[in-house]
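Reviewing the structure listed below.
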Amino acid sequence: MKHTNAHYSDFTNDFRAKSQKKRSLYGLSLLLPGLLLIFAFAHCGKTGAESGNFVVLYAAEDALLIQQNGSETPLSTGSVVPSGATVDSGRAPLDMQSRQGATVRLRPYTRVAVSGLENGARMDMDHGGMVVRVNRRSADQDFTVVTPTAIAGVRGTEFDVEDNGTDGARITVHSGKVSMRPRVPALERLGSDQIESDPELQKLQSTLESREVILEANQQGSLDMQTVSGIERINSELESNAEGAGSSEIPADGLQALENENAVIKNTIEIDIRSKADLTTLVEVDEDRLAEAESAASDSDRTQAGQDLEEQYNQRRDAALDRLNELTGENPLNSAELKERYNIIEIVHQKSGTITEGAVLTQAGNILVVHTTSGVVRINTADINYIDLIHVE
Numbered sequence: 024m025k026h027t028n029a030h031y032s033d034f035t036n037d038f039r040a041k042s043q044k045k046r047s048l049y050g051l052s053l054l055l056p057g058l059l060l061i062f063a064f065a066h067c068g069k070t071g072a073e074s075g076n077f078v079v080l081y082a083a084e085d086a087l088l089i090q091q092n093g094s095e096t097p098l099s100t101g102s103v104v105p106s107g108a109t110v111d112s113g114r115a116p117l118d119m120q121s122r123q124g125a126t127v128r129l130r131p132y133t134r135v136a137v138s139g140l141e142n143g144a145r146m147d148m149d150h151g152g153m154v155v156r157v158n159r160r161s162a163d164q165d166f167t168v169v170t171p172t173a174i175a176g177v178r179g180t181e182f183d184v185e186d187n188g189t190d191g192a193r194i195t196v197h198s199g200k201v202s203m204r205p206r207v208p209a210l211e212r213l214g215s216d217q218i219e220s221d222p223e224l225q226k227l228q229s230t231l232e233s234r235e236v237i238l239e240a241n242q243q244g245s246l247d248m249q250t251v252s253g254i255e256r257i258n259s260e261l262e263s264n265a266e267g268a269g270s271s272e273i274p275a276d277g278l279q280a281l282e283n284e285n286a287v288i289k290n291t292i293e294i295d296i297r298s299k300a301d302l303t304t305l306v307e308v309d310e311d312r313l314a315e316a317e318s319a320a321s322d323s324d325r326t327q328a329g330q331d332l333e334e335q336y337n338q339r340r341d342a343a344l345d346r347l348n349e350l351t352g353e354n355p356l357n358s359a360e361l362k363e364r365y366n367i368i369e370i371v372h373q374k375s376g377t378i379t380e381g382a383v384l385t386q387a388g389n390i391l392v393v394h395t396t397s398g399v400v401r402i403n404t405a406d407i408n409y410i411d412l413i414h415v416e
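Going left to right, the sequence shown walks through residues 24 to 416 as this note's numbering numbers them.
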């Protein structure tokens with residue numbers, strides 16, 4: 024099975040109007056309508072100030088922190104994302120890290136809400152995509168990913184979630200193990216007493232649990248399209264019943280789709296080089312830098328914490344960029360070989376007039392990485408005018 028990873032660009036909105044052919048690289052195939060991700064892991068004795076918090080390692084100028092009251096604040100390196108707040112990554116990737124061992128790269132146009140729990144923290148992803156690395160700090164740490172149609176349980180792993188807007192959400196595991204099963208959101212909003220007293224709801228819950236599969240390294244999980252349609256019908260019916268206070272009625276065709284043994288599809292894949300590049304450049308900073316950002320009490324303290332964090336992030340990001348040559352290989356590729364490998368070629372037009380043609384591997388912080396016939400080239404996003412995208416037939 025051939026796997027093509029979705030990818031990023033800083034420039035979607037700015038240059039879309041310039042030409043129908045001019046498109047953002049990583050604005051493609053990344054919007055996951057209604058996608059919800061939940062990450063749960065134990066506090067492990069952390070204080071309330073730390074529990075559920077993430078600290079931003081890199082954010083574009085249009086990235087926002089949205090409070091529960093709807094107020095919006097720009098995000099930047101060193102910004103703390105507290106429990107109850109929502110992050111909108113804007114038009115570029117956003118990297119952030121928690122002191123509980125999770126490092127996350129939100130892909131462009133991704134929105135997540137962060138909330139603390141008694142036994143962990145969670146991120147509710149409304150739409151978008153992300154790349155995740157989880158390093159468990161203790162045996163009782165859990166990390167769970169939930170979409171409107173699937174639940175994935177993680178125990179310390181590297182994985183990514185993507186959606187092309189047509190085939191539904193997919194989870195790709197790079198290392199570790201992830202359990203995945205279908206999910207009906209409306210069922211979870213019902214009380215346990217209501218479920219226990221209704222045989223139809225009990226059957227639905229049991230069916231969902233029975234469809235769980237385990238994904239291992241180099242495996243990808245997705246839902247059969249009939250399963251997705253069945254979940255949507257069941258969810259709609261349960262929501263309608265809840266609004267009308269009627270009895271629970273599970274559509275027979277929806278339940279039948281969930282009973283299919285192939286409701287969750289598991290494939291062994293060759294992970295795309297762009298996806299590998301994302302993880303290679305998803306770097307962590309020392310916990311004391313995160314603590315400094317979380318404890319900053321004044322504007323000057325926050326500025327200093329952001330500068331200290333940015334310095335270490337850039338150093339480690341640059342070191343990670345040096346390792347990308349290991350992915351692309353020592354021998355340079357000619358134009359035909361690049362097109363054969365990547366299927367999509369970008370032409371990057373810089374403000375200086377320089378034109379770079381190749382395949383964008385990733386965007387790490389403010390650096391766009393392009394694989395060209397001359398090797399791997401790094402371009403500061405501030406120097407880019409626009410990007411042409413060419414699909415290779």
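Glycine residues also receive a C-beta, built at the ideal position from the N, C-alpha and C atoms.
Partner residues in the beta bridge of residue 407, as assigned by DSSP, are 373. Per DSSP, residue 117 lies in no alpha helix (DSSP H); the unbroken beta strand (DSSP E) holding it starts and ends at 117–120. In terms of Cβ geometry, residue 104 and residue 127 do not form a close pair [threshold 8 Å].
In the DSSP assignment, residue 290 forms a beta bridge with 243.
Per DSSP, residue 395 is one residue of the beta strand (DSSP E) stretching across 390–395. Within the stretch 292–371, the alpha helix (DSSP H) runs of at least 4 residues that lie entirely inside it are, in chain order, 296–303, 310–318, 322–345, 347–351, 358–365.
Exclusion of the five residues before and after residue 385 leaves 300, 301, 304, 392 as the residues of its chain whose Cβ lies within less than 6 Å of its Cβ. Rounded to whole angstroms, residue 298 and residue 194 show a C-alpha spacing of 12 Å. Under the criterion of beta carbons closer than 8 Å, residue 381 and residue 404 do not qualify as touching, at roughly 16 Å. Distance from the Cα of residue 228 is smallest, within the candidate group 148, 174, 249, for 174. Between the stretch 77–92 and the stretch 101–117, the count of C-beta pairs closer than 8 Å reaches three or more; the two stretches touch.
The continuous stretches of alpha helix (DSSP H) do not include residue 381, which lies in the beta strand (DSSP E) extending over residues 378–387. Within the DSSP bridge table, the entry for residue 81 names 118 as partners. Counting C-beta pairs with one atom in each stretch, the stretch 230–247 and the stretch 272–288 have three or more that are closer than 8 Å, which means they touch. In the structure shown, the three-state DSSP call for residue 284 is coil.
With a beta-carbon spacing of about 16 Å, residue 116 and residue 97 fall beyond the 8 Å limit used to define contacts. Assignment of residue 205 by DSSP, reduced to helix, strand and coil, places it in the strand class. In the DSSP annotation of this structure, the continuous segment of the alpha helix (DSSP H) that includes residue 219 starts and ends at 215–219.
Under the DSSP assignment, residue 95 falls in the beta strand (DSSP E) whose first and last residues are 95–97. Of the residues assessed, residue 177 falls on the buried side of the cut-off, its CB having 16 or more other CB atoms within 10 angstroms.
If you look at residue 198, you'll find it in the beta strand (DSSP E) that goes 192–198. DSSP lists 201 as the bridge partner or partners of residue 238. Rounded to whole angstroms, residue 205 and residue 172 show a C-alpha spacing of 5 Å. Looking from the CA of residue 390, the closest CA among 170, 223, 107, 118 belongs to 118. With respect to residue 258, residue 207 sits close: the two C-beta atoms are nearer than 8 Å. Taking C-beta atoms as the reference points, residue 374 and residue 411 fail to come closer than 8 Å. DSSP places residue 181 in the strand class (E or B) of the three-state scheme. Here the C-alpha atom of residue 242 lies approximately 12 Å from the C-alpha atom of residue 181. According to the DSSP assignment, residue 109 belongs to the beta strand (DSSP E) that extends over 109–111. With fewer than 16 other CB atoms across the displayed protein chains lying within 10 angstroms of its CB, residue 414 is exposed.
Note that the C-beta distance between residue 184 and residue 153 is below 8 Å. Contact between residue 209 and residue 255 is ruled out by a C-beta separation of about 11 Å, above the 8 Å threshold. DSSP, reduced to helix, strand and coil, places residue 152 outside both helices and strands of the structure shown, so it counts as coil.
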